[in-house]
Amino acid sequence: MNVDTLLLGLRALTTIVLLAFLAALFIILWRDYRASASAVETGQRHRGRLVVIRSPDGAGGTSYPLLPLTSLGRSPTNTIVLIDTFCSQEHALVTWRGGQWWLEDRNSSNGTLLNGEPVTEPVVVSSGDVITVGRVELKVELE
1 MNVDTLLLGL RALTTIVLLA FLAALFIILW RDYRASASAV ETGQRHRGRL VVIRSPDGAG
61 GTSYPLLPLT SLGRSPTNTI VLIDTFCSQE HALVTWRGGQ WWLEDRNSSN GTLLNGEPVT
121 EPVVVSSGDV ITVGRVELKV ELE
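Reminder that position 112 of the sequence shown reads as 112 in the working numbering, one-by-one numbering, no gaps.
Quick look at the structure:
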């Protein structure tokens, strides 16, 4: 056996070890990706919706899915964009925390109402509650 044959064997062995390492790395990354994708999908699953009861633009009956973080207001950056001049750019926020839905006013000009009562601090919302943002009334329907 000469030196050239030995070097060729070592190169082949190194190549096989490197390919095995890359395959193992790919499998680990793929499993991690699938676990992360599953967690994100579960987190964004709809748990309810907001249905427009009354709106100045006549959008009554429109339904919006509730996401774990749902923002309401006139700005196009909100999850639910409301076309009403009485709504602030970032008017209110509905969040999923501790197994419950919470509503909070985002220091809006005209305030946020829950069942006709002003929201001054974060408050728990339930199915059937009515959220008033500006002149828009939204009914909470939870699954």
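For every residue, glycine included, the Cβ atom is placed at its ideal position computed from N, Cα and C.
- Glycine 99 sits in coil when the DSSP states are folded into three classes, being neither helix nor strand.
- Per DSSP, reduced to three states, the secondary structure at arginine 135 is coil, with no helix or strand assignment.
- Less than 8 Å divides the Cβ of valine 125 from the Cβ of valine 94.
- When the five nearest sequence neighbours on each side are left out, no beta carbon in the same chain lies closer than 7 Å to the beta carbon of aspartate 32.
- The beta carbon of serine 71 sits closer than 6 Å to the beta carbons of Asn78, Thr79, Leu93 from its chain, once the five residues preceding and following it are set aside; these are given in chain order.
- Take the alpha-carbon of leucine 8 and the one of alanine 23: they are about 23 Å apart.
- Cβ-Cβ distances below 7 Å link tyrosine 64 to Arg49, Leu50, Ile80 in the same chain, with the five nearest sequence neighbours on each side left out; the list follows chain order.
- In this structure, the CA atom of serine 38 is about 12 Å from the CA atom of tryptophan 30.
- Annotation for serine 63: the continuous beta strand (DSSP E) segment containing it runs 63-65.
- One thing to note: cysteine 87 has its Cβ within 8 Å of the Cβ of glycine 73.
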